[in-house]
Structures are given as C-alpha cells and as structure tokens.
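Novice: Next up is a structure, given as structure tokens.
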Amino acid sequence: MNLSLQQLAAALGGEISGKQILAPGPGHSPKDRSLSIRLDDTAPGGMVVHSFAGDDALTCKDYVRNRAGLARWEPQTSGNANNAISNMTSRVSRPVAKAGSPPAEYIYRQADGTPYLRVKRPGFYQAHWDGNVWVNGAPKGPKIPYRLPELTAAEHNDVVVVEGEKDADNVAALGFVATTNSGGAEKFTPDLAEHFEGKDVYILPDNDDPGEAHAEQVVATLQSVARSIRVVRLPGLPAKGDVSNWIEAGGTADELADLLRRAPVIEAVAPQRLIKSSAEFLEGFTPPDYLIDGLVQRRFLYSITAPTGHGKTAVALLISAHKALGLPIGKHDVDPGRVLYFAGENPDDVRMRWIALSERMNFDPKTIDVHFLEGTFKVSELIARIKQEVNDLGGVSLIVVDTSAAYFEGSEENGNVESGTHARMFRQCLKFAGEPCTLVLCHPVKNAKQDNLLPRGGGAFVAEVDGNLTCWKTDSLVSLHWQGKFRGPDFAPITFQLETVTSAHLRDSKGRRIPSVVAKVLSDAEKSRAETTSRDDEDVLLLAVADHPRASYAGLAVALGWVSDKGENKAKVKRCADRLKSDKLVKPDRRGTLCLTEKGETEVKRLRANQPHQAGVSN
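Residues in the sequence shown are numbered from 29 upward in steps of one, following the working numbering.
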C-alpha cells in the first residue's frame, strides 16, 4: 500500500492518534471515531481495521479501501489455489480400500505446534500424543480446534468453521482461516469456545440433517463469545454434499469470499431461563407408554445384567420377536413395534439364534420388523448417522444393545467417570424417532452371585439407567427380575426356558445340523412343572450322595442314570450340586467329592420317611 497515514486520515475524514487513525465508520456521523485503522504490511490487505461499534469487519475494510481509492480487499490464496486444492483433495480422498494404501491422517496441534490428537479415517480412529509416541484413545484434556496454530496466529478475526478435517484443509488452501472439531457432527463442545473469543465466525454446514445440527451446535456454543456468527449455505450442493464437493465443482476463493460477506449475521438469542414454574415444568409432558405392559417403558433406559451363559441374549432376542409380532410376554401385553438390535458381541451367534428362533416361533426372519446393526464401532461417532437411519425407517419402539462391553469406548469399564459417560451415550438413543425403550445387555461385576447382579461400572452406570433388570439361570430356567434400581412398580419374576434346538437352515459344511439356544416364555403351569422337576433332581442327587459316599460327579451321574449318548452328564450333577451347596445341604470334602452336611443328613431322613420308594428319576 502506497498511502501514508496522513493521506488515509484525510480520505476518511479522521485523525491520527499515535500509530493509528481514528475515523467515522460506514454509515456513522462525521464526528464519530468508532473506526480504528493501522497500516501493517504483514496484515491481509496491508492494514488492520477494527470497529469499536461492532460493525462488520469485511464491510469496514471495504469502506476504508473504497474511500482511499483502492480495490476492495479479498482473501489472498497461498500460491496457486487451484493446484493447492487439487493436491489437498487427492491427499485426503485417496481410495483407502485399496490394498496397501494408507488412510487419511489429520493431526490436531496445540497453539505452539505441539502434537495433541491424531485422527485417522475411515473409522475416525483417535490417538493422543504422550510427548514421545502416539497412544490409542482421545486425550484426557479439553478438546482443541483443528489447525489451532493458524487460528491463533491469524492477523484478522475471520474464521470459517466446517464439519470435517478434509473440508478445513481445502478451505485453508483457498487462503482462509478454517477449522473444525474432532468426533463428528454433534461434538462441537463448550471447551472449544475459548479459542473463538472475539472472532467473526462463518459456518459452512453440510447439506444434510447432521450438517444443520452441527451448525446449530456451533451457534449455540459460540454465541456468547464470538463477535459475530454467520451460517453460510453454499449454492448447488447435492444432498449430503459439503464445501469440498463445492470446491471440486469449480467453487473459487473469490466466490466463497463473496458468499461469506453477503451472509447475514445471526442475532444473539437470549438463553432460555433455567428456572421454570410448575406450569412450565409440566407443559407439553406426555407420560411414556409401556413397551411391555406393566414392565418397561418407552423413553426409559434399562440394563439387563447376567453372567455369561445365563440367557440374556436368548431372552433379548425373544423379547425383540415378541415386540415385533405384538405377542404377550407371560401376563404382560405387548403392542407390535419396530425393533433395532445392536449385534456387537459375536454377530454370527446372534444370526444362528435368530434363525433358530424364527423356526421355533414360526415367523419369517426376512420380513419381521426387526433390524440389526452388525459389529462393533464407536457409537459416539456414528450416533448422528444411526439417528438419521432410524428416522428413515420411520422410528423404532425398542433398541437392544448386545452388549454394553462391545461398545465401551473408554479404557476402564469399572471407572466411575467413563462408565457414567458410557451410559449417557446410550441415553441419547431415547431421543430417536419413535421414542424407543433401550435395553443394554451388561456383564456383571466380578465374582457376581445371584444377589449381586449389578452391571460393570457399578454405581456410576446404575445411576444413569432407569432400571437394572437381571437374568439368572437355574438348570434350563431363566428368571427375569430386577435388582439395585427400578423406576416403576414391582413385578413378579418372569420365567423363561432355554431350549437347545436345531434348524434345517443351520448346517455346517458336512451337512450336520448346528445346535443353538433359544428362549421361550413359560406359563404358570409350565413353570410349576419345571420347578418340580428341578426339585426332584435335587432330591435324588441328595439321596445318591448319601448312598454313594466319595463318588465322583461322573459316578453320581451313572448311579442316577443321567447318561446320554455322549456319556455321563456331569454338568447336570454339578448344577444340582451347586444348588444343594447354596442351601447348605452338601459340601465338598478334602478330596473334592460331595458329602452331606448336618442339615443335609436331616433332609435325607425326611425324604426317606416321606418317599420310601424313590422312583421316576428325571433324565
């Protein structure tokens, strides 16, 4: 710029004050001194312009240049913009599916350039810098915006916020200060706000619902700290398109600058009052319907806790089928509704159980209104996409997560903070279309017994759910009840029976049928018969221990006739023995074989007195 301070002051009708000019801003009276201009060869356009009245920065800079007889200011591109964009796009859009090709990698740096976070795509895998190497997982500290050193060093206040790192790099290649946040569309968190204080923020949303949600979140987060905020919608974007698509279609720095300068400033909205009257608190409230009548409710989050092998997956699949078909569960009515099942823990096992259950219940697995999400992934990074797909389905009534551990994103499942965050992540599912009830299948704490079936994460996890349902298996019977916490009226335990079944559609490569385990709900009469059989088995085993001291489990199985084509049914002996131990009727001796306790000897005498001729042993 060849103008002196004196020439520029005269052109603006202002005056020199130290190393700056104070002059009237655009549209202000001649006596106004709200505009500050400082000449600086290192600044964009050769000058730094600031409005004490809060006038638009680009408008003020154009006003100054116009009064001085200069061309209006435009952002400067770094080198050949077209080549820079081409190179950048080819780097981040490289086909990652091709064998041997590396994924796109983005480094988040602190203001001084120190590495902080690495994001790899596809997959959104995150790692943090520990001072020497990259360590899997996000940093423990606060979030920082992408390209923070450039944001901090900028001589002007304008910053463009986009939805992904590739977009930020492409916009920066045009000569703008651009940034984004890690974690996806709905992760622009309050800890980012301090880096935008006093900035003029321009938001470029993607052309989809997550893009609009991201823009709304940025506005809400920054409206109290940014000097101004504009949402700029790019013309001609295809569905789900972004600024990179716009650039690839021929969009230029000049066109983008023009769109930025013409976008209206969003007026600040006063925050909603936190304290509500009783009337405001109740306004618009609709009580949630029951998903299973008298048992679990819509818009509620429940855990189902059970040790491995105690039937939680079989029961969850049965509940899913009953919900889709509108079939009662015991005495509890169920209205038909759509189901979404997260098959994260061994999807192939879920497939086999589902095929077997469809044959057992005689429904068509290809048309039933149950939908599956296969495999494990970071729910926090895909929840906006899942929400959109649920909306496309028309909403769901029930969501089943199998299992909590399969989707845990922290490093310590029993850590209070991480467990609470984990549970709150699933609570977001309650806001999906259809106002679903969400059941999260959980493994229990270590060494859990029937009276200690709390999910891993303990109090922190339980505090975030509305009820902790439990499953406990005795022989082939599974009892569904609750423990620790349940919001709602108590209910009688529901009994299911696990059945080992085969299906004509489940065969191995040699044509042999593959057995699978499914559940069915028992009526009161069926439950009574099953419990009687279980007690009879316990009685005859107790008598066998008395008659065959020091016998092994295999020997007891032979003595009782609990033998199949695969040999002695030692597992059945052990299950019955465990129940007898729990009732303090038997105990192991020094050799590990079973012997009667004093209480057991009394019970044997009673059995022999009441049933002198034992018969009808269950097999």
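Don't be surprised by glycine CBs; every beta carbon is placed ideally from N, CA and C.
Excluding sequence positions up to five away, which residues of its chain have a Cβ less than 7 Å from the Cβ of residue 41?
Specialist: Hits under 7 Å: 51, 52 and 58.
Novice: Quick check on DSSP: helix, strand or coil for residue 138?
Specialist: coil
Novice: My understanding is that residue 208 touches residue 174, with C-beta atoms under 8 Å, so please give their C-beta distance in whole angstroms.
Specialist: 5 Å
Novice: Residue 456 by DSSP, collapsed to three states: which one?
Specialist: helix
Novice: Which term fits residue 310, buried or exposed, when burial requires 16 or more other beta carbons within 10 angstroms of its beta carbon?
Specialist: exposed
Novice: Between the alpha carbons of residue 47 and residue 32, how many angstroms are there, rounded?
Specialist: 11 Å
Novice: Is the beta carbon of residue 481 less than 8 Å from the beta carbon of residue 466?
Specialist: No Cβ-Cβ contact shorter than 8 Å links residue 481 with residue 466.
Novice: Determine the burial state of residue 279: buried for a count of at least 16 other Cβ atoms within 10 Å of its Cβ, exposed for fewer.
Specialist: Classification of residue 279: buried, given that the 10 Å Cβ count is 16 or more.
Novice: Which of the three DSSP states is assigned to residue 145 in this structure?
Specialist: strand
Novice: Are the CB atoms of residue 421 and residue 399 within a distance shorter than 8 Å?
Specialist: yes
Novice: Excluding sequence positions up to five away, which residues of its chain have a Cβ less than 7 Å from the Cβ of residue 722?
Specialist: No answer is possible for residue 722: the residues shown for the chain start at 29 and end at 647.
Novice: Beta strand (DSSP E) containing residue 496: first to last residue?
Specialist: 495-502
Novice: When we look at the beta-carbon of residue 43 and count the other beta-carbons within 10 Å, is it buried (16 or more) or exposed?
Specialist: Under this definition residue 43 is an exposed residue.
Novice: Taking the Cβ atom as the reference point for each residue, do residue 573 and residue 614 lie within a distance shorter than 8 Å?
Specialist: yes
Novice: If you compare alpha carbons, which of 212, 228 and 440 is closest to residue 678?
Specialist: In the structure as shown, the chain begins at 29 and stops at 647. Residue 678 is therefore absent and cannot be evaluated.
Novice: Helix, strand or coil: how does DSSP classify residue 509 here?
Specialist: strand
Novice: Can you give the beta carbon distance from residue 349 to residue 397, rounded, assuming they're within the 8 Å contact cut?
Specialist: Contact check for residue 349 and residue 397: beta-carbon distance about 10 Å, past the 8 Å limit, so the pair fails to qualify.
Novice: With a 10 Å radius around its C-beta and 16 neighbouring C-beta atoms as the bar for buried, classify residue 34 as buried or exposed.
Specialist: Exposed is the label assigned to residue 34, since fewer than 16 other Cβ atoms lie within 10 Å of its Cβ.
Novice: Touching or not, the segment 442-460 and the segment 377-396, by the rule of three or more beta carbon pairs under 8 Å?
Specialist: With fewer than three CB-CB distances shorter than 8 Å, the segment 442-460 does not count as touching the segment 377-396.
Novice: Is the beta carbon of residue 303 less than 8 Å from the beta carbon of residue 257?
Specialist: no
Novice: Count Cβ pairs between the segment 356-373 and the segment 422-433 that sit closer than 8 Å; are there 3 or more?
Specialist: yes
Novice: Among 520, 248 and 253, whose alpha-carbon lies nearest the alpha-carbon of residue 322?
Specialist: Of the listed residues, the one whose Cα sits closest to residue 322 is 520.
Novice: Can you name, in chain order, every residue of its own chain whose Cβ lies under 7 Å from the Cβ of residue 265, other than the five neighbours on each side?
Specialist: 235, 273 and 274
Novice: Just list the beta strand (DSSP E) runs in the segment 200-269, keeping only unbroken ones of 3 residues or longer that don't cross its boundaries, in chain order.
Specialist: 228-231 and 256-259
Novice: Look up residue 474 in the DSSP assignment and say whether it is helix, strand or coil.
Specialist: coil
Novice: Roughly how many whole angstroms lie between the Cα atoms of residue 232 and residue 198?
Specialist: 12 Å
Novice: Roughly how many whole angstroms lie between the Cα atoms of residue 354 and residue 522?
Specialist: 18 Å
Novice: Among 549, 380 and 500, which residue has its Cα nearest to the Cα of residue 334?
Specialist: 500
Novice: Return yes when the Cβ of residue 230 is within less than 8 Å of the Cβ of residue 291, no when it is not.
Specialist: yes
Novice: With respect to the alpha helix (DSSP H) encompassing residue 274, which residues constitute its N-terminal and C-terminal limits?
Specialist: 271-276
Novice: As a quick exercise: from 511, 312, 255 and 624, pick the residue whose alpha carbon is nearest that of residue 80.
Specialist: 255
Novice: Output the residue ranges of the beta strand (DSSP E) runs that lie fully inside the segment 38-101 and measure 3 residues or longer, sorted by chain position.
Specialist: 43-45, 48-51, 63-67 and 75-79
Novice: Would you mind working out which of 143, 149, 148 and 147 sits nearest residue 161, comparing C-alpha positions?
Specialist: 143
Novice: Residue 513 and residue 539: beta carbons closer than 8 Å?
Specialist: no
Novice: Label residue 542 either buried or exposed according to how many other C-beta atoms from any shown protein chain fall within 10 Å of its C-beta, with 16 as the threshold for buried.
Specialist: Classification of residue 542: exposed, given that the 10 Å Cβ count is below 16.
Novice: Taking the CB atoms as reference points, tell me whether residue 506 and residue 343 lie closer together than 8 Å.
Specialist: The Cβ atoms of residue 506 and residue 343 lie closer than 8 Å to each other.
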